[in-house]
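Peer 1: Handing you this structure, nothing more for now.
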Amino acid sequence: MSTLLIKNTTVLVTMDDHRREIPGGGLFSRDGFIEQVGPTEDLPAEADEVLDLEGYIVLPGLINTHHHFYQTLTRAVPEAQDVNLFNWLKTLYPIWAGMTPEDIRISTRTALTELALSGCTTAADHLYLFPNGSKLDDEIEAASEVGLRLHATRGSMSLGQSKGGLPPDSVVDTEEHILKDSQRLIEAFHDPEPGSMLQIVLAPCSPFSVTGDLMRESAALARQYGVFLHTHLAETKDEEVFCLEKFGYRPLAYMQSLNWVGNDVWFAHSVHINADEIKVYAHHGCGVAHCPGSNMRLASGIAPISDYLKAGVKVGLGVDGSASNDSSNLLAEARLGMLLGRVRAGLMGASLSNEEAPALLTARQLLEIATRGSASVLGRKDLGSLEPGKCADLI
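Position in the sequence shown (from 1) plus 9 gives the number in the working numbering.
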């Protein structure tokens, strides 16, 4: 059993239920789990490892709820720089079709290292195409070398252009193989225990790249094994038009028809969501991965984060793929989230000083989204704050 004592911090930001910020604070942990948090004088005097952090601010580790590690290798394609999401995807699909298992491993190590340098200790990645013999196993193997906690989502695409989908047929897979491989990965790798370093998530890519049958079957399989579900939703107006024309539903209503709402589901982006749909999210406990950098880069729009928070919707932070963000810097993403939220507030009247003006998103709200909010989205009760019983993930 190993113990760790952190003492004499300038301030220890707990993000606990009381949002305590403890001047001169510290914590004591055993085998990676926190046993005590408080003023340094109230903690044990000795431990196997002692860190005197006078002059430092200590925060909970940041948690990334949406990423595409593999895109790290395609962040500088000229034709993809000045286009919206659908045209960006059409440009990059043929390039991604050439990826190899080694490309998956290299991009995973690169993305996770960048994330770690920005204060990230847990990341969810969405890998949804597997060309040239590549597998999610390649990502899992590479991630273990870096050491961050990983929620590896087994993404998928089954609806190619010949069947009315957006991706070319060359990058889609059969639904039989997708479901069989999803089950294999859960049984081989998923660890649901507190302190888990690796969890598997089932994540059909989007309404415009998979069939309703695959969505339904994936949901049933995930709930059979008790794993979470993830997909892109309501990211752009193009997606909304696609869903209305092909399925006769707005994106969220389509998800409801497929049994894809619940507290075991989180959606990336959720930019084009109306007030009634926000109530659906809140009622069913759906989570949102907010990706402000990507939403700006691809002209997708501004997610109604303040409205989500007021309604009690779980909101976490995501950097999205490096090719749509230009980096994997989660701390910078938190700042972007604050600024973009203020742009939205300004558009809604915050630049006029009166009592009816909407409130501005604060730095602490974004820190909360990036820590305890993200932990809630991923279903990780053992992460997101510095308090007894939780993992000693800190920066």
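Cβ atoms here follow ideal geometry from the backbone N, Cα and C, with glycine treated the same way.
No experiment lies behind these values; they were computed from the predicted model shown.
K99: which of M108, A89, G107 sits nearest, CA to CA?
Peer 2: Out of M108, A89, G107, A89 has the C-alpha closest to the C-alpha of K99.
Peer 1: Considering H241, what are the terminal residues of the beta strand (DSSP E) in which it resides?
Peer 2: Note, H241: beta strand (DSSP E), 238-242.
Peer 1: What does a CB cutoff of less than 6 Å around T245 pick up in its chain, not counting 5 residues either side in sequence?
Peer 2: L94, S309.
Peer 1: Please state if the CB of L253 and the CB of R225 are separated by a distance shorter than 8 Å.
Peer 2: Cβ atoms of R225 and L253: not closer than 8 Å.
Peer 1: Identify whether L68 lies in helix, strand or coil by the three-state DSSP scheme.
Peer 2: Three-state result, L68: coil.
Peer 1: Looking only at C-alpha atoms, which of V59, A320, C214 sits nearest to K288?
Peer 2: Comparing Cα-Cα distances from K288 to each of V59, A320, C214, the minimum goes to A320.
Peer 1: So who's on the other strand from A120, going by DSSP bridges?
Peer 2: According to DSSP, which records beta bridges pairwise, A120 is partnered with nothing at all.
Peer 1: When you compare the region 70-84 with the region 126-136, are there three or more beta-carbon pairs, one atom per stretch, that lie closer than 8 Å?
Peer 2: The region 70-84, when compared against the region 126-136, does touch it at the 8 Å Cβ threshold.
Peer 1: Put H281 into one of helix, strand or coil per three-state DSSP.
Peer 2: Reduced to three states, the DSSP call for H281 is coil.
Peer 1: Is the region 102-114 in contact with the region 302-316, if contact means three or more CB pairs nearer than 8 Å?
Peer 2: The region 102-114 vs the region 302-316: no contact.
Peer 1: Taking 8 Å as the cut-off, does the region 326-334 touch the region 352-368 (at least 3 CB pairs, one atom from each stretch)?
Peer 2: Too few Cβ pairs lie closer than 8 Å, so no.
Peer 1: Among P216, R29, L36, whose alpha-carbon lies nearest the alpha-carbon of Q265?
Peer 2: Comparing Cα positions, the closest option is P216.
Peer 1: What's the gap between the Cα of S227 and the Cα of N141?
Peer 2: C-alpha separation (whole angstroms): 24 Å.
Peer 1: Taking only the alpha-carbon atoms, compute the straight-line gap between D462 and L387 and give it to the nearest angstrom.
Peer 2: The structure shown does not extend to residue 462, since the chain spans only 10 to 404, so no value can be given for it.
Peer 1: With distances taken Cα to Cα, identify the nearest neighbour of A384 among P69, G235, V219, A106.
Peer 2: When only C-alpha atoms are compared, the closest one is P69.
Peer 1: When you compare each of T131, E184, E364 to R158 by their alpha carbons, which one comes out closest?
Peer 2: The shortest C-alpha separation from R158 is found at T131.
Peer 1: Return the bridge partner residues of R29 from the DSSP annotation.
Peer 2: Paired residue(s): none; R29 is not in a bridge.
Peer 1: Suppose the cutoff is 7 Å on Cβ atoms and the five residues either side in sequence are ignored; what does the same chain contact list for I195 look like?
Peer 2: Taken in chain order, the residues that qualify are I209, Y234, V236.
Peer 1: Where DSSP assigns a beta bridge to W97, which residues make up the other side?
Peer 2: In the DSSP output, where bridge partners are listed per residue, W97 has none listed.
Peer 1: Please name the residue, chosen from V59, I314, L62, that lies closest to L375 on a Cα-to-Cα basis.
Peer 2: Here the closest residue by C-alpha is I314.
Peer 1: Can you have a look at L392 and say buried or exposed, based on whether 16 or more other CB atoms are within 10 angstroms of its CB?
Peer 2: With 16 or more other Cβ atoms within 10 Å, it is buried.
Peer 1: Could you spell out where the alpha helix (DSSP H) holding N149 opens and where it closes?
Peer 2: Position check: residue 149 holds Ile in this sequence, whereas Asn was assumed. Run containing I149: 145-155, per the alpha helix (DSSP H) assignment.
Peer 1: Just to confirm, are W275 and H239 a CB contact at a threshold of 8 Å?
Peer 2: Cβ distance < 8 Å, so W275 and H239 count as in contact.
Peer 1: Are the beta-carbon atoms belonging to Q170 and D178 less than 8 Å from one another?
Peer 2: The answer is yes: Cβ separation under 8 Å.
Peer 1: Can you give me the Cβ contacts of N17 inside the same chain, cut-off strictly under 8 Å, excluding the 5 residues immediately before and after it?
Peer 2: For N17, where only same-chain residues beyond five positions count, the Cβ hits under 8 Å are G33, G35, T49, D61, L62, E63.
Peer 1: Nearest to V219 by alpha carbon, out of F198, Q192, K172?
Peer 2: With distances taken between Cα atoms, V219 lies closest to K172.
Peer 1: Which whole-angstrom value is the C-beta distance of T109 and S165, which I expect to be below 8 Å?
Peer 2: Actually they do not touch by this definition, with Cβ atoms about 19 Å apart.
Peer 1: For the alpha helix (DSSP H) that contains P260, what are its first and last residues?
Peer 2: Looking at the DSSP string, the run of the alpha helix (DSSP H) that includes P260 is 260-266.
Peer 1: Please determine whether the Cβ atom of L138 lies at a distance below 7 Å from any heavy atom of the ligand NAP.
Peer 2: No copy of the ligand NAP occurs in the structure displayed, which carries no ligand at all.
Peer 1: Please report the distance separating the alpha-carbon of V280 from that of A243.
Peer 2: Rounded to the nearest angstrom, the two C-alpha atoms are 6 Å apart.
Peer 1: Tell me, to the nearest whole angstrom, how far the beta carbon of S127 is from that of D57; I am working on the premise that it is less than 8 Å.
Peer 2: Between D57 and S127 the Cβ distance is about 28 Å, and since that is not below 8 Å, they are no contact.
Peer 1: Per DSSP, which one or two residues make a beta bridge with C400?
Peer 2: For C400, which the question treats as bridged, DSSP gives the partners F42.
Peer 1: Looking only at its chain, what residues have a beta carbon closer than 6 Å to the beta carbon of K323, apart from the 5 residues adjacent to it on each side?
Peer 2: G296, S385, V386.
Peer 1: Using only CA atoms, which one of V20, S38, T119, R29 lies nearest to G398?
Peer 2: Out of V20, S38, T119, R29, S38 has the C-alpha closest to the C-alpha of G398.
Peer 1: For a test of the three-state rule: what should DSSP assign to E63, helix, strand or coil?
Peer 2: Coil at E63, not helix or strand.
Peer 1: Beta-carbon within less than 7 Å of C214's beta-carbon, same chain only, minus the 5 sequence neighbours each way: which residues are those?
Peer 2: These residues qualify, in order along the chain: Y137, G164, S165, M166, T240, H241.
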